[in-house]
């Protein structure tokens, strides 16, 4: 019964991130160079113990829902699945000496600011590089694409850091 509750909570979180992104955040653009991909917070803040298959399916569903809203032909889905695929490796790369608690989720208060910024930065820049290079389809305007990747990474990273600081609990709840 507990698993059904966890699944329901995650589906509600998915709907929340998609709705906030589509109706609010997607309107925010920095000088036609930086976009906030708020919906990535759903994948990035999943519990650490989430199985890889579940992460890949959730990444595809999340990306596909963005593709349906923006008519981007699978670009969001491909980049979100790549992020979901690489997330466990990045988590292993950043594993603390004592390891993770099975109940942990990604939380700046529990993991520390430096750990969180590295985790967020690595995965967001990989997602954005995949997204913008797939969207471009070639290396024609590579310099402009690099600027878009950088500006969007900063915009998304700062937004998700603010979300963590404001809305995620600072203490473990048992």
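Numbering (my numbering), first residue to last: 4 to 177.
Even glycine gets a Cβ: it sits at the ideal position worked out from N, Cα and C.
Nothing here was measured: the structure is a model prediction, and the numbers come from that model.
- Between residue 63 and residue 80, the beta carbon gap of about 6 Å places them in contact (Cβ cut-off 8 Å).
- For a cut-off of 8 Å, the C-beta gap from residue 43 to residue 148 is around 18 Å, too long to register as a contact.
- By the C-beta criterion, the segment 54 to 73 is judged to be in contact with the segment 84 to 101, since at least 3 inter-stretch pairs fall below 8 Å.
- Only residues of its own chain outside the window of five on either side were considered, and among them 119 and 167 have a CB closer than 6 Å to the CB of residue 111, listed in chain order.
- Out of 123, 104, 124 and 152, the CA that lies nearest to the CA of residue 137 is found in 152.
- The beta-carbon separation of residue 121 and residue 139, rounded to 27 Å, does not stay under the 8 Å limit for a contact.
- Under a 10 Å Cβ-count criterion, residue 95 is classified as exposed, with fewer than 16 other Cβ atoms of the shown protein chains found around its own Cβ.
- Between residue 16 and residue 45, the gap from beta carbon to beta carbon is short of 8 Å.
- Within the segment 53 to 128, the runs of alpha helix (DSSP H) that reach at least 4 residues and sit entirely inside it are, in chain order, 55 to 73, 78 to 96 and 111 to 114.
- With contacts defined by Cβ atoms closer than 8 Å, residue 36 and residue 144 do not form a contacting pair.
- With a beta-carbon spacing of about 13 Å, residue 156 and residue 41 fall beyond the 8 Å limit used to define contacts.
- Residue 56 and residue 124 have their C-alpha atoms spaced approximately 23 Å apart.
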